[in-house]
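Visitor:
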Amino acid sequence: MHELYAILREITGYIYPNEVELHWGILIVVYPYITGLVAGAFILASLVKVFNVKEVQPTYRLSLLTALAFLIVAPMPLLAHLGHPERAYEIFLTPNRKSAMAMFGFVYAWYLMAVLLLEIWFDYRGDLIRLSQKEHGLKKWLHRIILLFSTDTSEESLKFDKKAVKFITVLGIPSAFLLHGYVGFIFGSVKANPWWSSVLMPIVFLFSAIVSGIALLLLIYMVTTLMRWKPIDMKCLDKLASFLFYMMIIDFSLEALDFLHRIYESEESIKILSQLVSSKLFVSLVVIQLLLGMILPLVALAATKLFPIPDELRRHIYFISALLVEVGIFTTRWNVVIGGQLFSKSFRGLTAYKMTLLGIEGLLMAIVLLLLPFLILYLLTLIFPPWPEAYETPAEAEATT
Amino acid sequence: MSKKAKRKQKKSRRDALKTLVKSSLLLFVPLDVPNDPKLAEELKENLGGYDPTKHLWGMGIQIERCIGCGRCAWACKTENKVPKEPFFFRTWVERYIVHRDGEITVDSPEGGIHGFQPITTERHILRSFFVPKLCNHCENPPCVQVCPVGATFRTPDGVILVDEEYCIGCRYCIQACPYGARYLHPEKRVADKCTFCYHRIVKGLAPACVEVCPTQARIFGDLKGRASPLVRFMRMNKINVLKPYLNTEPKVYYANLDMAVK
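Chains A and B, in that order, give the protein sequences. The opening position of the first sequence corresponds to residue 20 in this note's numbering, with each subsequent residue numbered one higher. The opening position of the second sequence corresponds to residue 6 in this note's numbering, with each subsequent residue numbered one higher.
(1) Along chain A, in chain order, which residues have C-beta atoms closer than 7 angstroms to that of G155 of chain B?
(2) What does the alpha-carbon distance come out to for the pair H60 of chain B and P219 of chain B?
(3) Give the straight-line distance between the Cα atoms of A385 of chain A and T78 of chain A, rounded to the nearest whole angstrom.
(4) Run through the DSSP bridge pairs and tell me what K138 of chain B is partnered with.
(5) Along the region 342–369 of chain A, where does the CB come closer than 7 angstroms to a CB of chain B? Name the residues.
(6) Within 7 angstroms of any Cβ in chain B, is that where the Cβ of P36 of chain A sits?
(7) If the cut-off is 8 angstroms on Cβ atoms, which residues from the region 373–391 of chain A count as contacting chain B, listed in chain order?
(8) Counting Cβ pairs, one atom from each stretch, are 3 or more of them under 8 angstroms apart for the region 252–265 of chain B and the region 131–147 of chain B?
(9) Is T31 of chain A helix, strand or coil when you go by DSSP?
(10) Residue range of the beta strand (DSSP E) that Y259 of chain B falls in?
(11) Say whether chain B places a C-beta atom closer than 7 angstroms to the C-beta of A128 of chain A.
(12) Considering M64 of chain B, what are the terminal residues of the beta strand (DSSP E) in which it resides?
(13) Where does S303 of chain A fall in DSSP's three states?
(14) Would you say the region 191–206 of chain B touches the region 98–111 of chain A, given that touching needs at least three Cβ pairs under 8 angstroms?
(15) For the region 272–280 of chain A against the region 221–236 of chain A, do three or more pairs of beta-carbon atoms, one drawn from each stretch, fall closer than 8 angstroms, so that the two count as touching?
(16) Looking at the C-beta of V151 of chain B, does it have a partner C-beta in chain A at a distance below 7 angstroms?
(17) Look up T110 of chain B in the DSSP assignment and say whether it is helix, strand or coil.
(18) Compare the beta carbon distance of L279 of chain A and P316 of chain A with 7 angstroms and say whether it is the shorter of the two.
(19) Is the region 124–133 of chain B touching the region 150–166 of chain B in the sense that three or more CB pairs, one from each, lie closer than 8 angstroms?
(20) Using beta carbons (cut-off 7 angstroms, strictly below), is W97 of chain B in contact with chain A?
(21) Below 7 angstroms between beta carbons: does that hold for C199 of chain B and L262 of chain B?
(22) Helix, strand or coil for T170 of chain A per DSSP?
(23) At what residues does the alpha helix (DSSP H) containing I402 of chain A begin and finish?
(24) Mind checking whether A211 of chain A and A222 of chain B have CB atoms under 7 angstroms apart?
(25) Output needed for M95 of chain A: all residues of its chain with C-beta closer than 7 angstroms, excluding positions within five of it in sequence on either side, in chain order.
(26) Do you know offhand how far M132 of chain A's Cα is from K185 of chain A's?
(27) Is there at least one Cβ from chain B nearer than 7 angstroms to S118 of chain A's Cβ?
(28) Contact criterion: CB-CB distance below 7 angstroms. Does K143 of chain B meet it with respect to chain A?
(29) What is the rounded straight-line gap between the Cα of Y177 of chain B and the Cα of F349 of chain A?
(30) Using only the alpha-carbon positions, how far apart do Q67 of chain B and W353 of chain A sit?
(31) Using a Cβ-Cβ cutoff of less than 7 angstroms, which residues in the same chain neighbour P234 of chain B once the five nearest sequence positions on both sides are dropped?
(32) Going by alpha carbons, who is nearest to A128 of chain A out of A:G381, A:L310, A:L87?
(33) Would you call P181 of chain A buried or exposed, if buried means 16 or more other Cβ atoms sit within 10 Å of its Cβ?
(34) What is the DSSP secondary structure of S208 of chain A, reduced to helix, strand or coil?
(35) Between the alpha carbons of K43 of chain B and K49 of chain B, how many angstroms are there, rounded?
(36) Within 10 Å of its beta-carbon, does L320 of chain A have 16 or more other beta-carbons around it, so buried, or fewer, so exposed?
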């Protein structure tokens, strides 16, 4: 309770007494960030299968596994922040059909079961059968169980796999839109909060999700390729950076539109919101989200398109830009979630958020939840090797090296 | 398998799919929770003959009568065992000071529970007044709409309540309330708010805040009753509600509400 007394000293103007306690903290920042990465990674995977962008093929399986790793973690911050996590299952049993949040369970289950798991299963089936035939012991059995003891590698069955993957991906694009657009809707539909209440919110969430997903895969692809001592496919990297660039332009335009619209309409809340942006959110919104997370990488990526830059330097530019974009999108989520709670609904004052380091809703927990998907991704790559060398026979491997 | 049997199987599969699609569509059909007849029956049984369908509760507030003594906020905390710290309120009192230059300052020290310090400013003051606040028991409550499990609900007599054994503590309702009327109970870890002292009104008593108000600034009553003090109050005064543009349709009515009040 004493931390609430400390906040009292930081309040400027008037806030309702019940507003001293800020309710959605760092974990609720982490949640949309993670689901955004899921949606973004999946959209990237769909580029290969649906839109036939052959260049980014090397990232296809990595994208699927990344999406799965982050999706597994996605509900954890939500669960950890509930006042009664032991009652969470009520959301499935007695959902309030009018509540946007009640749809979470269904959207999540649909995405996990009907989209990601199925697509991974069909995409890996043929390869895993071949792999399991060469393996022994525990690993062989693990793969056989995952395969549901399927052993059919006939031409026809492999053809069916391909068809299934394509079908699921087509189904998956709107599903990914649903998953993250829905998170945007949770905020965008709160009419009590002018910082959130915007019809653009789900769309802005979506495009920032795609941006963060592509940037993450660019980073993961570069790091994992270097760790395997393989050469980076520059065609793939250039294409990823291109997509990142275009998506950032759309995202930036949408956010600029939202900003202009607010200023032009100048509603009742405009005074307190401009106070918010120029004081409490200045560093996180103007400096980090806008300058470091958006404009700087946009300029850098534009430079790689305009000027002939050697591969080595281009790789560095891509890597640093993607890293900045990730930081930028994280602060975007921060500015939405925390920013939306820093001003009073009386529009007469600002309050503060004091993040704790320890505790179930603290900073450490948030860091753990952000790192956990990478551990899961590592484990997933052991079970579902995403790289071609895992499926080569020793003779083939020798021929390629 | 004979052709007939195959067709039959196909048909049953199609039927199953149809049922699945139909039932999943049900998810999007808005159900009107407010008029749940089962709830009315249940309440009637548990409340010893009190018939919630016969009433519609609301509150009138005469701003000019409020002296800012804060007895209402104090009585509420005592009656409803609201945590004593100054961050949890089911009702509180705000003081507005409108300065000559147009600046408006608002304060509510500890929810006004110990009253207010005299105004000591040298500046010229145009007007000053107190405004008691509480849950507006909206007819169109955003908090009820957003609750993912339906733990917060509207009773047939128009009161918004929280089932503390059902609430999962997600705090979406707190975000959705435009009036800051909800808080998270620090010990119970569930959303909490004004109940119009539901345990009292079903016995024919007035809410605690109304009971203790020395100036009768708060008028509690039945909007369905013809001769109720509340209906009379609404007939005699020009009334307004808070943030009417949000279409929440509050049932807490203010007489002579100043435009400074939000």
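Every residue gets a Cβ at the ideal spot worked out from N, C-alpha and C, and that includes glycine.
Guide: With the given structure in hand:
(1) Chain A residues near G155 of chain B: T113, N115.
(2) 26 angstroms
(3) 27 angstroms
(4) Its beta-bridge partners are B:W97.
(5) K364, S365, F366, R367
(6) yes
(7) none
(8) yes
(9) strand
(10) 257–260
(11) no
(12) 62–67
(13) Annotated three-state conformation of S303 of chain A is helix, per DSSP.
(14) By the C-beta criterion, the region 191–206 of chain B is judged to be in contact with the region 98–111 of chain A, since at least 3 inter-stretch pairs fall below 8 angstroms.
(15) yes
(16) yes
(17) strand
(18) No, the pair does not count as a contact, with Cβ atoms beyond the cut-off.
(19) no
(20) yes
(21) no
(22) coil
(23) 382–402 is the extent of the alpha helix (DSSP H) around I402 of chain A.
(24) no
(25) Excluding residues within five positions, the ones whose Cβ falls inside 7 angstroms are L388.
(26) 16 angstroms
(27) yes
(28) A quick correction: the sequence has Cys, not Lys, at residue 143 of chain B. No - not a single Cβ of chain A is within 7 angstroms of the one on C143 of chain B.
(29) 22 angstroms
(30) About 42 angstroms.
(31) Take P234 of chain B, set aside five residues on each side of it, and the residues of its chain with a beta-carbon closer than 7 angstroms to its own are I224, G226, in chain order.
(32) A:L87
(33) Here the sequence assigns Lys to residue 181 of chain A, which means Pro is not the residue at that position. Residue environment analysis places K181 of chain A among the exposed positions, since fewer than 16 neighbouring C-beta atoms fall within 10 angstroms of its C-beta.
(34) coil
(35) 10 angstroms
(36) buried
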